[in-house]
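Please read the structure below before turning to the comments.
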Amino acid sequence: MKEAILAGQALNGAHVFRLYLAGGAPNSVRALANLYAICHKHFPDSHRIEIIDVLQEPMRALAEAILVTPTVVKVSPAPEQQIIGNLSEEEEVLRALGLPQKENV
Amino acid sequence: MSDKASAEILEKVSSGIEGFDDITAGGLPCRRTTLLMGGPGCGKTVLALQCLVSSARDRGAPGIFVAFEEGARRVAANGSAFGWDMPELEKKSLCFVNATMPSSVVKSGAFDLTGLLASLAAKAREMGAKTIVFDAVDVLLALLDDPAAESRELHRLHEWLQEQEMTGILTTKIEDDRPASAQRYGFMPFMADCVVLLSQRVADRAAVRAIRVIKYRGSPHVLNEVPFVIGSKGVEVGSSNGVHPEPQPFTERVSTGVERLDEMFGGGGFYRGTNALLTGSSGSGKSTLASAFIDAACRRGERALFVSFDENSADIVRDLSTMSIDLAPHLASGLLKMEAIRSEGASSEEHFMRMKALIAGHQPRCIAIDPLSALARMGGGLAARAVAERLIYLCRNAGITALFTSLLEGIDPHLETTAMHVSTIADSWIQISFELLDGERNRALSIIKSRGTKHSKLLRELLFRDTGITLADPYNAGGEVLMGTLRREKEDAQ
Chain A
1 MKEAILAGQA LNGAHVFRLY LAGGAPNSVR ALANLYAICH KHFPDSHRIE
51 IIDVLQEPMR ALAEAILVTP TVVKVSPAPE QQIIGNLSEE EEVLRALGLP
101 QKENV
Chain B
1001 MSDKASAEIL EKVSSGIEGF DDITAGGLPC RRTTLLMGGP GCGKTVLALQ
1051 CLVSSARDRG APGIFVAFEE GARRVAANGS AFGWDMPELE KKSLCFVNAT
1101 MPSSVVKSGA FDLTGLLASL AAKAREMGAK TIVFDAVDVL LALLDDPAAE
1151 SRELHRLHEW LQEQEMTGIL TTKIEDDRPA SAQRYGFMPF MADCVVLLSQ
1201 RVADRAAVRA IRVIKYRGSP HVLNEVPFVI GSKGVEVGSS NGVHPEPQPF
1251 TERVSTGVER LDEMFGGGGF YRGTNALLTG SSGSGKSTLA SAFIDAACRR
1301 GERALFVSFD ENSADIVRDL STMSIDLAPH LASGLLKMEA IRSEGASSEE
1351 HFMRMKALIA GHQPRCIAID PLSALARMGG GLAARAVAER LIYLCRNAGI
1401 TALFTSLLEG IDPHLETTAM HVSTIADSWI QISFELLDGE RNRALSIIKS
1451 RGTKHSKLLR ELLFRDTGIT LADPYNAGGE VLMGTLRREK EDAQ
């Protein structure tokens, strides 16, 4: 399972994520759903999610120093940022992405 | 169950550390999990790495080191510091996985180790790994920050290890001052087949390291705590159970340096490659006798080592000249090496490492350590005793004839115990005492034991003369050995 989900146009300044997950493990499934929801809410027109299933590509995760699953890497805009977990704590994700959090909206 | 069947169940792999294999009756459980627990800086990582390196180097068994706390590069560099050829090993059979979590990583929600374990399984298959180390599992678990998740992931790890059929070594930090049951990850020992506790404490201002096998499923093991050191070549565990290969016995004799003492040993002195303990109170002449033994060795053209604690080599040489023992020419020829060591400021383990290096460097055939009891000054008696034992076995296995002096414990000079109970392992035991007879204190010498010789049981007067050291002829009167003035009167009368 390796696929790229494209939404809107992959423009310059688009949010590009790489999600490392472990097949259909519960945390992985939730992470994908959560990331999807966050993207649709905050960058509806410009985001891209690359999914890497560590069970299918185990050596890649090792080479890219991915420790736990699920892990999402925000590839762009720079700087790169790693977030671990199923992304259920949205506030933490938003803070890591430098986006305004709920209470500020 | 037949012996063969039980041997299959209890397959073990050598740790590569002689003393560790001794206390675990053969090493780590093969294809099972060993847990190393201990406080910070107690040597868990080094021990785990050493086991991994030794499997790879000595048995060609590839291995993986997963570092959760210390960077993988640093761990590998530490290995190089012990003289292990890390670059070569990494090329062929070792893989270091840096699993430290950068501080920039943000956590949001639950995660698990499925991915990591899948990656490691793939890596292990690729290299045919037989051993895997998970260093600082506690750091990984702390990241989960949830007791239920910690327990779940630990079980996942455990199941994974069982599936992989690799010999696993986990290390985890514990707090020294808490019992194992009160530790945060107190349940961890249940999943390991072998649990080893490492500790470090300060005794008499010296750091003392100790190792103890807490449990070993299906195998006997040494229950006691055993001292260990981290020396220049890695971890070295003091053997405790006394199971040592017997070296080839020598039949050749080695002079004690005193002709009449040689006679007391049934002619010729000690057996080559054996060790003797020389006990006596302060000022009884132990050092002088030890010097005579060393002098005799050098006169025969043998290399000799004289280790003295808290006494200057130059002073020893000067004081001996009044007894017509001259060590200076042997020092000049290089046959003799004299080493003065301060007993304070180092633990007995450190002293041992130093003496081992001296022996390896000088390659002596005879050695005198004066006094061995100085080992007990720092770091506690128990550690000193173990170190003394190892020193004795080291000499014995190397075929070195050794003379150890020791102060007697307590005030009673007749007390037939020594500070370190070395007497039970020593091959010979000579005692110098002060005998009070007719208002005179005279030095007396007796052989308390000597394995394999028909030795004299007589108490003899020990004479330090300017012509050398000798023993007076035995004179008995009324069941007592005459000494000093009484003996001279008897001699004159004859």
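Those protein sequence lines, which keep their order, are chains A and B.
The first sequence begins at 1 in the numbering used here and counts up one residue at a time.
The second sequence begins at 1001 in the numbering used here and counts up one residue at a time.
Yeah, the Cβ is synthetic: ideal placement off N, Cα and C, and Gly gets one too.
Predicted model, so just to flag it, every value in this text is computed and none were measured.
Contacting residues, own chain, Cβ-Cβ under 6 Å from residue i (five flanking each side not counted)
i: Phe1309(B); result: Ile1341, Ser1343 and Ala1374
i: Lys1286(B); result: Leu1278, Gly1280 and Thr1405
i: Gly1468(B); result: Ser1324
i: Ser1423(B); result: Leu1277 and Trp1429
i: Ala22(A); result: Ser28, Val54, Leu55 and Thr69
i: Ala1076(B); result: Met1086 and Phe1096
Residue i versus residue j - alpha carbon distance
i: Leu1415(B); j: Asp1138(B); result: Because Leu1415(B) sits at a pLDDT of 37, beneath the cut-off of 50, its placement in the model cannot be relied upon, and the point is left open.
i: Gln1200(B); j: Ala1210(B); result: 6 Å
i: Ala1290(B); j: Ser1282(B); result: 14 Å
i: Tyr20(A); j: Arg1385(B); result: 56 Å
i: Glu89(A); j: Leu1157(B); result: 26 Å
i: Asn1442(B); j: Asn1312(B); result: 27 Å
i: Pro1227(B); j: Arg1272(B); result: 29 Å
i: Glu1126(B); j: Arg1253(B); result: 59 Å
i: Leu1154(B); j: Pro1147(B); result: 11 Å
i: Glu1088(B); j: Leu1117(B); result: 26 Å
i: Gly1026(B); j: Lys1233(B); result: 21 Å
i: Lys1490(B); j: Tyr1475(B); result: 8 Å
i: Ile1316(B); j: Leu1198(B); result: 41 Å
i: Ala1005(B); j: Ser1219(B); result: Unreliable positioning characterises Ala1005(B) in this predicted model, as indicated by a pLDDT of 44, which lies under 50. The coordinate reading is nonetheless provided below. Whole-angstrom Cα-Cα distance: 14 Å.
i: Ser1333(B); j: Gln1363(B); result: 15 Å
i: Gly1452(B); j: Thr1034(B); result: 44 Å
i: Ala1328(B); j: Glu1302(B); result: 15 Å
i: Thr1322(B); j: Thr1288(B); result: 11 Å
Spatial neighbours of residue i in its chain, beta-carbon cut-off 7 Å, leaving aside the 5 residues before and after
i: Thr1100(B); result: Ala1067, Phe1068, Glu1069 and Gly1071
i: Cys1298(B); result: Ala1304, His1330, Leu1335 and Leu1336
i: Gln82(A); result: Thr71 and Val73
i: Arg60(A); result: Ile52
i: Glu1389(B); result: Ile1425
i: Leu1140(B); result: Phe1068
i: Leu942(B); result: Since the first and last residues shown for chain B are 1001 and 1494, residue 942(B) lies out of range.
i: Ala1149(B); result: Ala1110
i: Ala1207(B); result: Gln1200 and Ser1347
i: Lys1012(B); result: Gly1026, Gly1027, Leu1028, Pro1029 and Cys1030
i: Gly1041(B); result: Gln1200
i: Gln1050(B); result: Gly1016, Ile1017, Gly1234 and Val1235
i: Lys1356(B); result: Leu1394
Residue i, buried or exposed, once every other Cβ within 10 Å from all chains shown has been counted against 16
i: Lys1130(B); result: buried
i: Phe1270(B); result: buried
i: Glu1159(B); result: exposed
i: Asp1193(B); result: buried
i: Met1(A); result: Note that Met1(A) has pLDDT 40, beneath the 50 cutoff, so the model's placement of it is unreliable and the number below is only indicative. The residue in question, Met1(A), is exposed, as its Cβ has fewer than 16 Cβ neighbours within 10 Å.
i: Arg1396(B); result: buried
i: Phe1096(B); result: buried
i: Glu1165(B); result: exposed
i: Gln1494(B); result: exposed
i: Lys1091(B); result: exposed
i: Ser1103(B); result: exposed
i: Ala1056(B); result: buried
Beta-carbon spacing of residue i, residue j below 7 Å
i: Ile1230(B); j: Gly1043(B); result: yes
i: Phe1265(B); j: His1455(B); result: yes
i: Gly85(A); j: Gly1109(B); result: yes
i: Ile1367(B); j: Ile1392(B); result: no
i: Leu1445(B); j: Arg1465(B); result: no
i: Asp1295(B); j: Gly1257(B); result: yes
i: Leu1047(B); j: Gly1063(B); result: no
i: Phe1020(B); j: Val1237(B); result: yes
i: Ser1093(B); j: Leu62(A); result: no
Under 7 Å from the C-beta of residue i: neighbouring residues of chain B
i: Val68(A); result: Phe1111, Asp1112, Leu1113, Gly1115 and Leu1116
i: Ala61(A); result: Gly1115 and Ser1119
i: Val54(A); result: Gly1115, Ala1118 and Ser1119
Own chain partners of residue i with C-beta closer than 8 Å, once the 5 adjacent residues on each side are dropped
i: Ala110(A); result: Absent from the structure is residue 110(A), since the part of chain A shown begins at 1 and ends at 105.
Heavy atom of the ligand NAP within 6 Å of residue i beta-carbon
i: Gly1361(B); result: Summarising the ligand content, the structure contains no ligands, and the ligand NAP is consequently not present.
Within chain A, partners of residue i - CB distance below 7 Å
i: Met1101(B); result: Leu67
Amino acids of chain B, ordered along the chain, whose beta-carbon sits closer than 9 Å to that of residue i
i: Tyr20(A); result: Gly1115
i: Leu32(A); result: Simply none; closest approach about 12 Å.
8 Å Cβ cut-off: residues of chain B touching residue i
i: Ala25(A); result: Asp1112 and Thr1114
i: Pro77(A); result: None at all; the shortest Cβ gap to chain B is about 16 Å.
i: Pro100(A); result: Going along chain B, no residue has its Cβ under 8 Å from Pro100(A), so there is no contact; the nearest lies around 16 Å.
Contact set between residue i and chain A, taken where Cβ atoms lie within less than 8 Å
i: Asn1098(B); result: Ala65
i: Ser1104(B); result: Gln81 and Gln82
request  = Taking only beta carbons into account, state which residues of the stretch 83-95 of chain A come closer than 9 Å to chain C, listed in chain order.
outcome  = The displayed structure is made up of protein chains A and B, and chain C is not among them.
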